[in-house]
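Here's the structure, in structure tokens; my notes come after.
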Amino acid sequence: MAEDLQAAGFGLYVHWPFCQAKCPYCDFNSHVSATVDQSRWQAALLRNLEVEAARIGPRRLDTIFFGGGTPSLMDPALVGAVIDAATSHFAPAEDIEITLEANPTSVEAGRFRGYAAAGVNRISMGVQALNDADLKALGRLHSAAEARAAFDIARGLFDRVSFDLIYARQNQTRDAWRTELGEALTMAVDHLSLYQLTIEDGTRFGDLHARGRLRGLPPDTLSADMYHDTQDICAAAGLPAYEVSNHARPGAESRHNLIYWRYGDYLGIGPGAHGRLSAGGTRRAEAALRAPGAWLDAVESTGRAVADEMELSPEDCADEYLMMAMRLREGVELDRLDALRGAPLDDRVLRDLEEMGFIGRSNARLWATDTGRPVLNAILRELMLDRVA
Amino acid sequence: MTELSQIRNFSIVAHIDHGKSTLADRLIQSTGTVQDREMKEQLLDSMDIERERGITIKAQTVRIDYRAADGQDYVLNLIDTPGHVDFAYEVSRSMKAVEGSLLVVDASQGVEAQTLANVYQAIEADHEIVPVLNKIDLPAAEPERVKEQIEDVIGIDASDAVEISAKTGLGIGDVLEAIVTRLPAPKGNADAPLKAMLVDSWYDAYLGVVVLVRVMDGVLKKSDRIRMMQTGAVYPVDRVGVFKPGMLPVDRLGPGELGFLTASIKQVRDTRVGDTITHEKKGAETPLPGFQPAQPVVFCGLFPVDSAEFEDLRDAIEKLALNDASFSYEMETSAALGFGFRCGFLGLLHLEVIRDRLEREYGIDLITTAPSVIYHVYKTDGTMIEMHNPADMPEAVHVDRIEEPRIKATILVPDDYLGDVLKLCQDRRGIQLDLTYAGSRAMVVYDLPLNEVVFDFYDRLKSVTKGYASFDYQMIGYAQDQLVKMQILVNDEPVDALSVMVHRARAEARGRVMCAKLKELIPQHMFKIPIQAAIGGRIIARETISALRKDVTAKCYGGDVTRKKKLLEKQKAGKKKMRQFGRVEIPQSAFINALKMDE
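So the protein lines, in turn, are chains E and V. If you use this note's numbering, the first sequence corresponds to residues 1 to 389, in order. If you use this note's numbering, the second sequence corresponds to residues 390 to 988, in order.
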């Protein structure tokens, strides 16, 4: 492979698989457990990290991201221990970004100081909605007031704070969302993740939907309108979209997530965590065992908990890169893509998409336009490689 | 050879789940025709498609030796007949090959539509009918009510119906006795010239073409030289035999007997159902009455979804055609669909069976174009063309008039549903010829254009009558009408494969339905797609598929890459199952489903 696969950076993802309650829309690897033996988990995470780090060899570590589940249920000491271990196994970048996902309850806000002391410098809060009725419908355990209070605490402790909102919710009007988004933008936030509610199989909402019992979901035309409103309102407020669902003041983008979208390398630690790691001109995809108990047992006995591990072909890498990087406003680097694909994209298809206004291109880059991003999957289906069934 | 008086030939008429196969199995088993250890469930079922659709396409037969209560030995020949209006002619020949029927009715369910349709065919063939109430052991069995129903609905005496449980074997002996005592022995003359009816035929990998025959007069022996009276072909007979149910060679078949012959016949195409087989020398002078040549009445184009599979399709069609004389084909090219075949069928079920077999047995994904009948297009220059593909329609200025085939349709229906049936026939441009009552059921006779019937008439009829109607038809000739070619334009491009001939007065309604259907069947694209129905240059109906506005994954992070990429790959593969028309991708199922009219 001609391109330098390691050029897009290196991040560490740590998955904490536990939640206090399972949200009805969430299809992430999360589990509700009455008691979690934090010291046992700490030992296992550190062991897993040590074994994987030894396997990978020296790398400069650009970012760490604690995701879940609900990582704000972790003891600050555990978080600190993982950060210390990671930055001793890998040489940390001078400006290393360390993010922790947090639920905005008062209990969790109480731990924020500890996380800051442990080295976390960015918080991503799962606010999800700014009114109590909708928070309840989304299965969240916090109130809007609690979320605002937690935000203010975080704001005082961390350099960078982001929060998530879910929109295109049941029975949500276009006006209600515009108002809610406006309120969010009055908060001193420098990054927002704004996700349209997606009904996933295997979730409570998914089951209800399959049985025709989930009412009030917006039709595609309404959610498309809401998407465009979101782009306009955020751009006007100085937080343009840099990715399909992510908005930031210039410079405040999530560097960890940019590694995914720019198709850099990342190591995943914890149940169900995925990794993409390149070495010697090839790239591997890895996934850990999803069940917390099985993961724990495997790591305690062998130091690793691999469920899936495979070398990716250059064509696989090309499609993955295309799929991820086209989510970004900056798009893909054509030289890098062509080197992976082994051939340029079909110019006829590109011209067609360009004429319809879905993509833009320069000599060096190809990107989805504001019109194209909401139909990105259709664009990707046109551009991905044909495969023999 | 068996004495005529010792032979009983019969069929079993039953609704699908009422126990026909189980009863047949029990009759075969209890008479020791098959040893218990060789017994498999449902001996008479064969093709997958038959089993799935609950229809029989090929006639099958089994010979049962039975010593009756009177101490005499009898030969009982059971014939399993096809059961669908597309094969009405084949059914009528099978029915003519036997003298009686067992009418099997589930004692807990009562008479159902399929029973009706088949029992009328038995009545038509002058059968003696013995009612048999099955599943009499079920707690829900209501034999007296069902007997009354048989008398009311079908109009035959059910007072001495045989009560059985095919499952437990209860009453099987009574059925055998009823066959012997209540069904008539066949008639015939062993000394007369040979007359054997060709009931059905199929290809056997070891024996070549096997012909199922019923000897009416004379004697058929191995080494005889026989002549097919319709085709004139002469063959030396290799073997004659009977089915027990495996093939068992015998020396000869005499009058009243059912059996098979093989005669180095290479292709099933060379045999004609209903033909009369006689001896080459000193043969019969007149054939048996009722022969009709197989006549395809429904035509459609079959194209491979993947144009690279054309040669595979050609091989598959040629192989299927060898085994099915009623199926015709010729090569066709379409601007939009490339190379394919124009195929002729006995009816829509026949079309679907052939298409299913091509897809399943040969693994070819097909696009089926709109079914059509044969139109007589009289041109202004005085010539006439037989047109079964709207693509061949001459320019309107060159057309003087168009005639279309019409049928006489006979529908039997409980009078509760009569109004719906009359409306359906009226909607399909029918002219009522007759309406009579027999008990609580009506018999309506309509003169209908075949083009209104070929597509979904039978399905609609079943649907509006909850399955309680039976339907039969015969061709009665051609008549002129105001017929026009309606084109469908997708994104302003005409799609030939969707062109249909319609009556001018029905064109607009039909066009609206088709456009609305296509709007549902064609997925949203990245641009809006107008769908129009047009006659000549005039647009008569229009729908628009709006452009896709939202199709994006909201969250896609490091852990989502593998899964989301697989999903997109799967969707991309799905696109390959569609056919590209200009910039629009049309799913293969759209071609046939666009024509269905859910009135």
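Glycine included, each C-beta is placed from N, C-alpha and C at the ideal position.
To the nearest angstrom, how far is it from the Cα of E/Asp308 to the Cα of E/Leu289?
Taking the Cα positions, E/Asp308 is about 8 Å away from E/Leu289.
Over what stretch of residues does the beta strand (DSSP E) that includes V/Lys908 continue unbroken?
Counting along the chain, V/Lys908 sits inside no beta strand (DSSP E); it lies in the alpha helix (DSSP H) bounded by residues Arg893 to Leu910.
Can you tell me which residues form a DSSP beta bridge with E/Ile166?
Bridge pairing for E/Ile166: E/Tyr195 [DSSP].
Does the CB of E/Ser245 have a neighbour CB from chain V at under 8 Å?
Yes, E/Ser245 lies at the interface with chain V (some Cβ there is under 8 Å from its Cβ).
Nearest-angstrom Cα distance between V/Asp949 and E/Asp201?
Looking at the two C-alpha atoms, the distance is approximately 14 Å.
Would you please verify whether the beta carbon of V/Phe970 is less than 8 Å from any beta carbon of chain E?
No, V/Phe970 lies away from the interface with chain E (no Cβ there is under 8 Å from its Cβ).
What residues of chain E sit near V/Val950, judged by a beta carbon separation below 8 Å?
Tyr260, His274, Arg276, Ala285, Glu320, Met323 and Met324, listed in chain order.
Write down the C-beta distance between E/Phe310 and E/Ala285 rounded to the nearest angstrom, noting that I regard them as a contact closer than 8 Å.
Note that residue 310 of chain E corresponds to Met in the displayed sequence, not to Phe. Contact annotation, E/Met310 with E/Ala285: C-beta distance approximately 5 Å; criterion of less than 8 Å satisfied.
Limits of the unbroken beta strand (DSSP E) element including V/Gly963:
In this chain, V/Gly963 is not harboured by any beta strand (DSSP E); it is covered by the alpha helix (DSSP H) spanning Val950 to Lys964.
Put V/Arg938 into one of helix, strand or coil per three-state DSSP.
The answer is coil: DSSP assigns V/Arg938 none of H, G, I, E or B.
Taking 8 Å as the threshold (beta carbon to beta carbon), is V/Met915 in contact with chain E?
V/Met915 counts as touching chain E.
Which residue comes first and which comes last in the alpha helix (DSSP H) that contains V/Gln815?
Counted as a single uninterrupted DSSP element, the alpha helix (DSSP H) harbouring V/Gln815 occupies residues Leu807 to Asp816.
For a minimum of 4 consecutive residues, which ranges assigned as the alpha helix (DSSP H) are wholly contained in the segment 65 to 139 of chain E?
Within the segment 65 to 139 of chain E, the complete alpha helix (DSSP H) runs of at least 4 residues are 76 to 89, 106 to 109, 112 to 118 and 132 to 137.
Could you work out which residues of chain E lie near V/Asp940, taking near to mean beta carbons separated by less than 7 Å?
Listed along the chain, the chain E residues whose CB falls inside 7 Å of the CB of V/Asp940 are Val375, Asn377 and Ala378.
For E/Lys397, count neighbouring C-beta atoms within 10 Å of its own C-beta (all shown protein chains included) and say buried if the count is 16 or more, exposed if not.
Residue 397 of chain E lies beyond the stretch modelled for chain E, which goes from 1 to 389, so this question has no answer here.
Nearest-angstrom Cα distance between V/Thr665 and V/Pro676?
Their Cα atoms are separated by approximately 6 Å.
Residue nearest to V/Leu527 in terms of C-alpha spacing, selected from V/Asp549, V/Thr570 and V/His407
Relative to the Cα of V/Leu527, the nearest Cα in the group V/Asp549, V/Thr570 and V/His407 belongs to V/His407.
V/Leu957 versus chain E: which residues are under 7 Å apart at the beta carbon?
Neighbours of V/Leu957 on chain E, chain order: Met323, Asn377, Leu380, Arg381 and Met384.
Do we get a CB-CB distance below 8 Å when we pair V/Gln656 with the residues of chain E?
With 8 Å as the cut-off, V/Gln656 does not count as an interface residue toward chain E.
Could you check whether E/Met226 and E/Pro218 sit closer than 8 Å to each other, using their CB atoms as the reference points?
When the beta-carbon positions are compared, E/Pro218 and E/Met226 come within less than 8 Å of each other.
Sequence-distant residues of the same chain with beta carbon closer than 6 Å to E/Leu130, five excluded per side
Here the set comprises Ala144, Glu180 and Glu183.
Determine the contact status of V/Leu735 and V/Pro760, defining contact as a CB-CB distance below 8 Å.
It is not a contact, given that the beta carbons lie outside the stated cut-off.
Do you know how far the Cα of E/Ile379 is from the Cα of E/Ala116?
About 41 Å.
Quick one: any contact between the segment 29 to 43 of chain E and the segment 85 to 95 of chain E, if contact means 3 or more CB pairs under 8 Å?
Result no; under three Cβ-Cβ pairs closer than 8 Å.
Sequence-distant residues of its chain with Cβ nearer than 6 Å to E/Leu296 (five each side left out):
The beta carbon of E/Leu296 sits closer than 6 Å to the beta carbons of Ala44 from its chain, once the five residues preceding and following it are set aside; these are given in chain order.
Apart from the five residues just before and just after E/Trp177, which ones in its own chain have a Cβ nearer than 6 Å to its Cβ?
Tyr167 and Met226.
Which residues of the segment 140 to 173 of chain E have a Cβ closer than 8 Å to any Cβ of chain V? Give them in chain order.
Of all residues in the segment 140 to 173 of chain E, none has a Cβ within less than 8 Å of some Cβ in chain V.
Using only the alpha-carbon positions, how far apart do E/Phe18 and E/Trp41 sit?
The straight-line gap from Cα to Cα measures roughly 11 Å.
Taking a cut of 9 Å between CB atoms, which residues from the segment 10 to 32 of chain E lie near chain V?
For the segment 10 to 32 of chain E, the residues whose beta carbon sits under 9 Å from a beta carbon of chain V are, in order, Gly11, Tyr13, His15, Phe28 and Asn29.
Please list, in chain order, the residues of the segment 196 to 227 of chain E that have any C-beta partner in chain V closer than 9 Å.
So the list reads Gln196, Leu197, Thr198, Asp220, Thr221, Ser223, Ala224, Asp225 and Tyr227, given in the order they occur along the chain.
Using only CA atoms, which one of E/Thr203, E/Ile64, E/Arg111 and E/Pro71 lies nearest to E/Ile96?
E/Ile64 is the residue among E/Thr203, E/Ile64, E/Arg111 and E/Pro71 whose C-alpha sits nearest the C-alpha of E/Ile96.
Does any residue of chain E have a CB that is nearer than 8 Å to the CB of V/Gly947?
Chain E contact via Cβ: present.
Residue-chain proximity (V/Leu755, chain E), Cβ-Cβ < 8 Å:
No, no contact with chain E.
If we count the other Cβ atoms within 10 Å of its Cβ and call it buried at 16 or more, is V/Gln969 buried or exposed?
Result: exposed.
Helix, strand or coil: which one does DSSP assign to E/Pro292?
Here DSSP, grouped into helix, strand and coil, assigns E/Pro292 to helix.
Look at the Cβ atom of V/Tyr751, then the Cβ atom of V/Ala705, and state whether they are nearer than 8 Å.
In this structure, V/Ala705 lies closer than 8 Å to V/Tyr751 by Cβ.
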